[in-house]
Structure formats: structure tokens, C-alpha cells
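Its first residue numbered 838, the sequence shown is counted upward by one per residue in the working numbering. Ideal Cβ positions, reconstructed from N, Cα and C, are used throughout, including at glycine. In what follows, a single structure is set out as C-alpha cells and then discussed.
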Amino acid sequence: MPQDDFAIASSRRAVFDANVVAFRTLLLKEIRRFLRIWPQTLIPPAISMALYFAIFGAIIGRRIGEMAGFDYMEFIVPGLIMMSVITNAYANVSASFFSAKFQKSIEALMVSPTPNSVMLAGFVAGGVARGLAVAAIVTVMAAFFVEIRIHNWFVTLGMLLLTAIVFSLAGFLNGLFADKFDDISIIPAFVLTPLTYLGGVFYALELLPDFWRTLSYFNPIVYVVSSFRYGFFGYSGDVPVAASFLAVALFAAVFWALSLWFLNRGIGLRT
């Protein structure tokens, strides 16, 4: 190999290694952050999901009986797991990034050699880590109420990961444009919660009148819950699995491109 080519290859390798170290450092920081305050980040979702299982599953579920051919308690398990992933992945990144802005620590990252794409990936990976941790806790709790069966591991894990990425990116956008701490709770309260409850967590879309069923297809959470439910039971009565993956992947690509575009232009980085 010519000397110039060797120098270029060595330089690229050094840059790659530095980016890996930066990403790993950000990810570990995010994981330690939510583990340090685990009574606030991991326990409340577990308690909330236990209440959902007890009230909607055990009490109301006995009266409902079945939904789409499945025991009602079993039917709501995938939706409840996804609901916990969505809220926790979103909350982790929006709160963490806004805190970095508020405390001015984000400025140290912005002036460092760390590329914006690596910084974004580090925050998003932290949100994904919290989402997956909460998903594991909720799944273990669900196992006390129903028998957990996985029909397709690839679909289940793939949609779980994609969903955590999408809503971590959405949380990043919220944290980017938030001007005060109250701003990071507006979207979850007035957008995420209604979309989640209307996203097929507690019912099958086939029960809805034609107009409301058609309207539901504009809700991204419908695609998430439908494909995740297929991963558990092989039931895809609401939306085809391929369409769900395509829709969620498209959201991930759009949110990533928007987040990186705003970061590169410094939009929303001042409080």
C-alpha cells in the first residue's frame, strides 16, 4: 500500500474509533442516568401496567370474554407492552436532551469533534435502551397474568426496536424545540396518550364503523400495535405486517433526517 493511502486509511480508522468511543460514552451516560433514578424511570411503568392488567384484563376482560378470537387479557398484552415502550423511549430522550440544553452541557458536545449524527445516535440509543428495559419488565409482569407466546421472533423484536427508535427520535425533536420543562410534557399528554388509546391497544379495528376504521389508519400507533400483535399471535387483522414495517421505517427515516437537519443548523439549541 502506498504511504499516502496508508496515512488516509489510518486517519479514517482513527476517526471511526473516536466516533465509536463518543457513541459508547453517550450511550453509557444515558443508561446510567435512567438507572440512577430507577424508582422514577422503571418502577412507575411496571405499576401502571400491572393496574392495566388487573383492571382492563382481569376485571373488565371477564365481561368482554374474547377479542378477535383471543382471550381479552392475552389480546391487550402486546399493546400494553408497546404503550410502555413508546412513552418511556420518548420521555427519556426529550427530558435528557432538554436537560443538556438547560444546563448548557450540550455546548461542550457541539464544539467537540463529535459529529452531530453520532451525538444524535447516542441520545436515541439511550432512549431505545430504556424502552427495551421497560418492555422486559412489563413482559415479565404480563407473564404472571397470561402465558406469553411468541409466534414470530423476527417481527416481534424488529418492531420493538423500530418503535423505540421512532419515538426516541420524536422525543429528541420535542426536547430540541422545548423552551421550558413544561414543554416536554405537552406532546405526551395531548398527542401520544390519545393516539395510544385510539391505536388498537384495547380493541380490534374490525369492531369500528367504516369511517372510524379508515380514520384509524392515519394513526401511526395502529401500525406498531398491529404488527407487534402479529409477532405474538400471528394475528394481523388490522394492518398487513409488511405495510406496518414500511410505515414505521418511513417515520424513523423522516424523524432522523429532520433531527439531523435541525442539529446541523443549530435550530432549537438555545434556551
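For residue i, is the classification buried or exposed, using 16 other Cβ atoms within 10 angstroms of its Cβ as the cut-off for buried?
i, result
"P915", "buried"
"F1055", "exposed"
"D854", "exposed"
"S1081", "buried"
"E911", "buried"
"V1061", "buried"
"A1001", "buried"
"G1008", "buried"
"E944", "exposed"
Below 6 Å CB to CB, which residues in the same chain sit around residue i once its five sequence neighbours on both sides are set aside?
i, result
"G959", "F860, L863 and L864"
Is it true that the CB of residue j sits closer than 8 Å to the CB of residue i?
i, j, result
"S921", "M886", "yes"
"L879", "A980", "no"
"V975", "A883", "yes"
"N856", "V955", "yes"
"V1085", "L999", "yes"
"L1035", "S1053", "yes"
"F1092", "L1006", "yes"
"A972", "I913", "no"
Identify, in the order they occur along the chain, each residue of the same chain with its Cβ nearer than 7 Å to the Cβ of residue i, setting aside the five sequence neighbours on each side.
i, result
"M838", "Because M838 carries a pLDDT of 48, less than 50, the predicted location of this residue cannot be relied on, and no value is offered for it."
"V1078", "V992, S1064 and Y1067"
"F871", "T878, N929 and R967"
From the options, pick the residue whose C-alpha is nearest to that of residue i; which is it?
i, options, result
"L1097", "M947, P1025 and V983", "M947"
"M904", "G1037, L1100 and G1105", "G1037"
"G1105", "V977, L1035 and A937", "A937"
"T1033", "T924, V852, G898 and F1070", "T924"
"E1043", "Q940, D1075 and E984", "D1075"
"P1025", "A928, R870 and G898", "A928"
"F1069", "T1051, F1088, F1099 and G995", "G995"
"R986", "F907, E944 and G1103", "F907"
"H988", "Y1072, L1087, L997 and G1008", "Y1072"
"A1179", "D1019, G963 and V1003", "Residue numbering for the chain in the displayed model covers 838 to 1108; residue 1179 lies beyond these limits and cannot be assessed."
Tell me which residues share the same chain as residue i and place their Cβ nearer than 8 Å to its Cβ, disregarding the 5 neighbours each side in the sequence.
i, result
"M978", "A883, M886, A887 and F890"
"N1101", "N953"
* Mind pulling the alpha helix (DSSP H) runs of 4 or more residues that sit fully within the stretch 1049 to 1078? -> 1057 to 1070
* To do: List in chain order: all unbroken alpha helix (DSSP H) runs of 4+ residues lying wholly within the stretch 891 to 977.
  => 897 to 901, 909 to 939 and 943 to 948
* **Uninterrupted alpha helix (DSSP H) stretches inside the stretch 843 to 876 (no shorter than 4 residues)** => DSSP runs (the alpha helix (DSSP H)) wholly in the stretch 843 to 876: none.
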